[in-house]
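Numbering (my numbering), first residue to last: 4 to 193.
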């Protein structure tokens, strides 16, 4: 991605980092908005603070949506460029392979897997998964910082609540990969 569309890749990372870091700010200002709104019921002087907090919360939400739009549009453009380049590379590699290789079933299985990866945009899915992981790490870090301001025990509680989901997804993904690897020969024959 950085080789084919370096500027768009940088724009994507910056937009993703901004979008992800606003999750913690959004959580913090949502909490502050409710606190100030509650205080403004008994103390009218807090009303302006509550309104300012609400306005800032709305601005955070809008900037997050803008960053998400920039990321998505950049991802679409990068995807099309990358897929085109990878298809061209695959064709060029096939041009250089001796014709006898097309009789070898192991080589044809590899070629079929490569074609399927390009056809089903596996690389796009992989890069999107990488960006999602990066986004989640930044989001979790920002939310953990906000949670620590309330109570430090909220961090381990929230971490342990997602561990079972992560383990199940890891096992399921590994089994799905093995299944696709096993089926590539049958897919080619079909």
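Note that CB positions come from ideal geometry on N, CA and C, so glycine has one too.
query = Rounded C-beta distance between residue 30 and residue 146? I'm assuming under 8 angstroms.
reply = Sequence index remark: in the chain shown, residue 30 carries index 27 (1-based). Sequence index remark: in the chain shown, residue 146 carries index 143 (1-based). Residue 30 to residue 146, Cβ: 6 angstroms. Contact.
task = Pick helix, strand or coil for residue 151, following the three-state DSSP scheme.
result = The residue you call residue 151 lines up with position 148 of the chain shown. Residue 151: helix per DSSP, three-state reduction.
inquiry  = Could you check whether residue 60 and residue 86 sit closer than 8 angstroms to each other, using their CB atoms as the reference points?
reply    = Your numbering for residue 86 matches position 83 in the chain shown. Your numbering for residue 60 matches position 57 in the chain shown. The answer is no: Cβ separation not under 8 angstroms.
message = Ignoring anything shorter than 4 residues, give me the alpha helix (DSSP H) runs that lie fully in the segment 62-129, in order along the chain.
response = 108-122
inquiry  = On the DSSP letters alone, give me the boundaries of the alpha helix (DSSP H) that residue 43 sits inside.
reply    = Translated into the one-based positions of the chain shown, residue 43 becomes position 40. Residues 9-45.
ask   = Any chance the CB of residue 139 is under 7 angstroms from a heavy atom of the ligand GDP?
value = The model depicted lacks the ligand GDP and carries no ligand whatsoever.
task = Measure the alpha-carbon distance for residue 1 versus residue 81 and round it to whole angstroms.
result = The requested residue 1 does not occur in the structure, where the chain is confined to residues 4 to 193.
task = Could you tell me whether the Cβ atoms of residue 77 and residue 14 are closer together than 8 angstroms?
result = Within the chain shown, numbered from 1, the residue matching residue 77 stands at position 74. Within the chain shown, numbered from 1, the residue matching residue 14 stands at position 11. Yes; because the gap between Cβ atoms is below 8 angstroms, this pair is in contact.
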